[in-house]
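Note that UniProt numbering numbers the sequence shown so that position 299 is 299, with each residue one more than the last.
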Amino acid sequence: MPNAIVLGTGMAGFGAAHRLREEGITPIMYDKNAYYGGHTMSFRHEPGFVFDIGPHISFTKDERIQGLFADSVDQLYETIQISLNNYWRGYWPQHPVQLHLHGLPEDVIVKVIADFVEERQKPEGPIDTYNDWLMASFGPTFAELFPKQYTRKYHLTTAENMSTDWLGPRIYRPTLEEVLRGAISASSPNIHYITHFRYPNRGGFVSYLRKFVPFGDIRLNHELVSVDPRARQLAFSNGARAGYDLLVSSVPLPDLVPMIRGTPPDVLEAARRLACSSCVLVNIGVDREDISSAHMTYFYDEDICFTRLGFPHMLSPNNAPKGMGSIQAEVYFADKYRPFTGRPADLIEPVIGDLRRCGLLRDSDRIMCRNAMYLRYANIIFDLDRAAALATVHGYLDDLGISYCGRYGDWGYMWTDESFKSGEAAAGAALSRLAASRVQRQVQMA
Numbered sequence: 001m002p003n004a005i006v007l008g009t010g011m012a013g014f015g016a017a018h019r020l021r022e023e024g025i026t027p028i029m030y031d032k033n034a035y036y037g038g039h040t041m042s043f044r045h046e047p048g049f050v051f052d053i054g055p056h057i058s059f060t061k062d063e064r065i066q067g068l069f070a071d072s073v074d075q076l077y078e079t080i081q082i083s084l085n086n087y088w089r090g091y092w093p094q095h096p097v098q099l100h101l102h103g104l105p106e107d108v109i110v111k112v113i114a115d116f117v118e119e120r121q122k123p124e125g126p127i128d129t130y131n132d133w134l135m136a137s138f139g140p141t142f143a144e145l146f147p148k149q150y151t152r153k154y155h156l157t158t159a160e161n162m163s164t165d166w167l168g169p170r171i172y173r174p175t176l177e178e179v180l181r182g183a184i185s186a187s188s189p190n191i192h193y194i195t196h197f198r199y200p201n202r203g204g205f206v207s208y209l210r211k212f213v214p215f216g217d218i219r220l221n222h223e224l225v226s227v228d229p230r231a232r233q234l235a236f237s238n239g240a241r242a243g244y245d246l247l248v249s250s251v252p253l254p255d256l257v258p259m260i261r262g263t264p265p266d267v268l269e270a271a272r273r274l275a276c277s278s279c280v281l282v283n284i285g286v287d288r289e290d291i292s293s294a295h296m297t298y299f300y301d302e303d304i305c306f307t308r309l310g311f312p313h314m315l316s317p318n319n320a321p322k323g324m325g326s327i328q329a330e331v332y333f334a335d336k337y338r339p340f341t342g343r344p345a346d347l348i349e350p351v352i353g354d355l356r357r358c359g360l361l362r363d364s365d366r367i368m369c370r371n372a373m374y375l376r377y378a379n380i381i382f383d384l385d386r387a388a389a390l391a392t393v394h395g396y397l398d399d400l401g402i403s404y405c406g407r408y409g410d411w412g413y414m415w416t417d418e419s420f421k422s423g424e425a426a427a428g429a430a431l432s433r434l435a436a437s438r439v440q441r442q443v444q445m446a
């Protein structure tokens, strides 16, 4: 059996372990944290609030993945019809806003529709940036008031500095009829790429990994510090060392590349150009459950400190004590564009203040728990540097025979099922590479 190592124990890492297990291989899985799960982890805070590391739901239509996750929680999961809304200057339109203009200021609606019609009458031009796509799709008024503002809060850069590689189904491009219907009617259809989702009944989102844990020999508190690709040796901050025949990594590329001995300067520079947001998650427990009608709310106003809110108690009744509610706020930064320089706890009171400003928290509400945590890596930023820099980094890792996976290994915008399958694919590629090298050695020996 090959000596197989998986770096990271998140969704992608366990996807790799699952694929290796199909070949009868139990990999050694290393994680720098004192817990497994990576960003899939869930934490319990007294007096009984469960918070995930960011908003996690499973809305995959892949029946195989649905079955794997359902088996992992012994079929005990919630199936929920999603409800999403937005906050903009005191208004609460449904999501996506472009289909729910009804109720916004009349002059805004008129200008948005006029721009929309004007853009449709123009000849199609080149789409080189996200800004080009927004202008062609919606016109300047809607683009500036909504997605361009949100981009500055969520991606920490401008739409002019972003590609369209990440879009996929994430932003709906409506017809004129759909825009008009949403402007004159409060009951326009809810069109979104997510309609229903599943969430574990108990234990938070990390419960979806429960049945996969035995698939790897997990070593926690092992922070990688060095990779020697020639000797096929790994070194960790606690002094441990390990050799490998097969290596699959979900370590973020800007961290992994500088640890590899002999990395050339152009690859190091490419890794430095890869941009990712960081995030401070502020978790609030409240003595009231009727906080919001939506599972998630997007905030466009740039004077509101958080970009998005989730309400974990609405995902499972076991995520909060009976009769209580919970809020998770996301506040974004980015080393490349707007670095975070404070302490996570410094954002708790500003978040509570803005929750009161927008009316989600009342003065009479009793805060039952409050805490904050910093995530160095959150969302990949698809800026104009990404494509070329990523090609350089991935080409280098391919040459070294290091397989990469997950959001921070593939350096992509991945949902849960995509991360798991990314790990499976990376393990499959590593197995194929190992088999090919063994055949080559046999030929050379013959």
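Yeah, the Cβ is synthetic: ideal placement off N, Cα and C, and Gly gets one too.
Just curious, the alpha helix (DSSP H) that residue i is in, first and last residue?
i, result
"H45", "Element bounds for H45: not the alpha helix (DSSP H) but the beta strand (DSSP E), 42 to 45."
"E160", "That residue, E160, is in no alpha helix (DSSP H); it is neither H nor E in DSSP."
"L431", "416 to 445"
"M135", "130 to 138"
"F116", "106 to 121"
"F146", "Looking at the DSSP string, F146 is not in any alpha helix (DSSP H), and its letter there is neither H nor E."
"L68", "63 to 72"
Return helix, strand or coil for residue i, following the three-state DSSP convention.
i, result
"L384", "coil"
"H18", "helix"
"A235", "strand"
"T263", "coil"
"R362", "coil"
"M324", "coil"
"G411", "The question names Gly, but residue 411 is Trp in the sequence shown. Reduced to three states, the DSSP call for W411 is helix."
"residue 452", "Coverage of the chain is limited to positions 1 through 446, which leaves residue 452 absent and any answer about it impossible."
"Y396", "helix"
"N190", "coil"
"F205", "helix"
"D303", "coil"
"L84", "strand"
"D290", "coil"
"R273", "helix"
"R241", "strand"
"L390", "helix"
"I127", "coil"
Using DSSP bridges, identify the partner residues of residue i.
i, result
"N371", "N283"
"A4", "L246"
"E78", "Y199"
"R357", "Partner(s): none; R357 has no beta bridge."
"V331", "V280"
"D217", "I28"
"W166", "In the DSSP output, where bridge partners are listed per residue, W166 has none listed."
"W92", "BP columns for W92 are empty, so no partner."
"residue 460", "Past the edges of the chain, shown from 1 to 446, lies residue 460, and the structure says nothing about it."
"T297", "N85, L309"
"Y404", "S249"
"R338", "A334"
"S58", "R198"
"R152", "DSSP lists no partner for R152."
Would you kindly work out how many angstroms separate the C-alpha atoms of residue i and residue j, rounded to a whole number?
i, j, result
"I184", "R120", "20 Å"
"L159", "L361", "The sequence given here has Ala at residue 159, not Leu. Those two C-alpha atoms are separated by around 32 Å."
"L68", "D417", "10 Å"
"G125", "Q444", "56 Å"
"residue 453", "K61", "Since the first residue shown for the chain is 1 and the last is 446, residue 453 is missing from the structure and cannot be characterised."
"G406", "I53", "16 Å"
"Q233", "T40", "28 Å"
"I113", "G182", "11 Å"
"G285", "A240", "40 Å"
"A235", "E223", "9 Å"
"A320", "V50", "6 Å"
"Y337", "A436", "43 Å"
"N131", "S137", "10 Å"
"F333", "T151", "12 Å"
"residue 506", "G423", "With the chain covering only 1 through 446, there is no way to say anything about residue 506."
"Y404", "F420", "12 Å"
"M373", "R438", "46 Å"
"F116", "G139", "5 Å"
"V179", "G395", "44 Å"
"E330", "D363", "22 Å"
In terms of residues, what are the limits of the beta strand (DSSP E) holding residue i?
i, result
"R308", "308 to 310"
"F49", "49 to 52"
"I171", "Here I171 belongs to no beta strand (DSSP E), and DSSP marks it neither H nor E."
"D228", "224 to 228"
| query | Per the contact definition of three or more C-beta pairs closer than 8 Å, is the stretch 211 to 220 in contact with the stretch 141 to 153? | reply | The stretch 141 to 153 vs the stretch 211 to 220: no contact.
| request: Indicate whether the contact test is met: 3 or more Cβ pairs, each with one atom in the stretch 295 to 309 and one in the stretch 75 to 94, closer than 8 Å. | output: yes
| With a cut-off of 8 Å, do at least 3 Cβ pairs link the stretch 309 to 324 to the stretch 379 to 387? | no
| Per the contact definition of three or more C-beta pairs closer than 8 Å, is the stretch 163 to 177 in contact with the stretch 73 to 81? | no
| Are three or more beta carbon pairs between the stretch 240 to 259 and the stretch 407 to 415 nearer than 8 Å? | yes
| Any 3 or more C-beta pairs closer than 8 Å across the stretch 184 to 196 and the stretch 97 to 109 | yes
| query | Does the count of Cβ pairs from the stretch 2 to 20 and the stretch 197 to 215 closer than 8 Å reach three? | reply | yes
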